[in-house]
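Here the structure is laid out as structure tokens; the discussion comes afterwards.
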Amino acid sequence: MTQVTEGAILKALSQVQDPELQRDLVSLNMIKNIKIDGSKVALTVELTTPACPLKQQIQRDVEQAVLAVAGVDAVDITMGARVPEDKKITDMAIKNIIAVGSGKGGVGKSTVAVNLAVALVQCGAKVGLLDADIYGPNVPMMMGVHTLPPTPQDMKIQPAEAFGVKVMSIGFMVGEGQPLIWRGPLLHSAIKQFLQDVDWGELDYLIVDLPPGTGDVQLSLVQTVPISGGVIVTTPQQVSFDDAARAVSMFKKMDVPILGIVENMSYLQLEDGSLRRLFGEGGGEQLAGMAGAPLLANIPIEESIREGGDQGSPVVVGDPNSPSAKTLLGLAMSVAARMSMIVLG
Ligand SMILES: Nc1ncnc2c1ncn2[C@@H]1O[C@H](COP(=O)(O)OP(=O)(O)O)[C@@H](O)[C@H]1O
Ligand SMILES: [Mg+2]
């Protein structure tokens, strides 16, 4: 009978690729805890994000490769995850900061930020959500949290929590729906405080809902926060293209890697199954081409998205079987995969 060795297992697994990172699992250091007991092998595959869209495929590929090793007749695979950290982020136990931006307001930036955060939690990640939209801080409403918990003396500011996401909003400070006038320095210090003085704890991803647009305020914000990657939300309309293109240029100018483009309100599905493209088409694709980044999702127009936003119950929780919720979950996985690809280089 052939004796099974760790070397033989590793050799077999060095032929298995992570389809997204396009490197083999052994050189990516993803194979841990190999245990051999006669003809039985147990091991852990440590993915670079719990929100890995290809988890099942990788598990099957590993299983096949190990079972093909001479002498092996059973394999027990544990799937784990360790999110790689962006080294630019110092002083905080936050691994990646992902900003959601848009050229103009009303395109669904906050809707995407909120559902992205909740979907990443659903996948098993540790997530925070920072509402930095000084013009319309509506994350509290969308997440159904309106106050912060009391902060004990001598402790950092405690964030609110909803759906497993730690939430901080400029709206908690000034009251929702109140118009705000911010001057640069004040904004800078407020954002710095939100990052450094809030008790975020350990996070895999901090999602930042940026203010819409690309003025000085946005620019200084992007400079203040060490952003690991940016997501840009747009609609299919041609008229929003110029605004969105400016958002792409802003990220590029600040050296923020663009994870991808999200086209929201892409279509409305009618009762008979046909699609109405109320806002035209092509905007997302065109922007992705201009940005040199993938179009990550086309989100349909759905009543449950709007209702979820108004009622403080994001659609990925409130109506998880709806087409929009499935699209948003897929988006979260693509964002996580792109983020780890960029961090690992
Ligand atoms: N795909 C969608 N289908 C239906 N309503 C949507 C959709 N995306 C956003 N909305 C609604 O449109 C409004 C604006 O979205 P919001 O996320 O607040 O935009 P932004 O943050 O870009 O200003 C909200 O009421 C939201 O619920
Ligand atoms: Mg908003």
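As numbered in our numbering, the sequence shown has no gaps in its residue numbers, which increase by one up to the final residue, 1654. Here a beta-carbon is modelled for each residue, glycine too, at the ideal position from N, C-alpha and C.
Beta-bridge analysis with DSSP links Ile-1541 to Gly-1410, Ile-1570. Under a 10 Å Cβ-count criterion, Leu-1334 is classified as buried, with 16 or more other Cβ atoms of the shown protein chains found around its own Cβ. By the neighbour-count criterion, in which a residue is buried when 16 or more other Cβ atoms sit within 10 angstroms of its Cβ, Leu-1640 is buried. Three or more Cβ pairs closer than 8 Å define a contact, and the stretch 1495-1507 falls short of that threshold against the stretch 1373-1390.
Beta-bridge partners assigned by DSSP to Leu-1438: Val-1476, Ile-1516.
Counting every other CB atom within 10 Å of its CB across the protein chains shown gives Arg-1585 a total below 16, marking it as exposed.
Taking every residue with its beta carbon within less than 6 Å of a heavy atom belonging to ligand 2 gives, in chain order, Lys-1418, Ser-1419, Asp-1442, Gly-1445, Asn-1447. Taken in chain order, the unbroken stretches of beta strand (DSSP E) that lie wholly in the stretch 1561-1649 and span 3 residues or more are 1567-1573, 1604-1608. In the three-state DSSP reduction, Gln-1366 falls in the helix class (H, G or I). Membership of Leu-1356 in the beta strand (DSSP E) is indicated by the continuous run 1349-1356. With a cutoff of 7 Å on beta-carbon distance, Val-1531 and Asn-1573 are scored as not near each other.
Here Gly-1617 has Pro-1623, Val-1624, Gly-1627 as same chain residues with Cβ atoms under 6 Å from its own Cβ, once five neighbours each way along the sequence are excluded. Contact check for Pro-1458 and Ala-1469: beta-carbon distance about 7 Å, within the 8 Å limit, so the pair qualifies. Collapsing the DSSP output to three states places Lys-1418 in a helix. In the structure shown, Glu-1511 adopts coil according to DSSP, grouped into three states.
Collapsing the DSSP output to three states places Asn-1405 in a strand. Of the residues Met-1310, Ile-1343, Val-1354, Gly-1433, the one whose Cα lies closest to the Cα of Arg-1369 is Val-1354. For the pair Ile-1516 and Leu-1438, the CB atoms are nearer than the 7 Å cut-off. For Met-1574, the Cβ falls inside the 6 Å cut-off from some heavy atom of ligand 1. CA-CA distance, Thr-1523 to Val-1571, rounds to 17 Å.
As DSSP reads the structure, Glu-1470 sits in a beta bridge with Lys-1475. The Cβ-Cβ distance between Pro-1603 and Pro-1632 does not fall below 7 Å.
Each residue's CA atom was taken as its position, placing Ile-1340 and Lys-1320 some 11 Å apart. With respect to the 7 Å criterion, Val-1430 and Asp-1440 are not classified as neighbours on the basis of their beta carbons.
In this structure, Arg-1555 has its CB at a distance of at least 6 Å from all heavy atoms of ligand 1.
In the three-state reduction of the DSSP assignment, Val-1384 falls in the strand class, which pools E and B.
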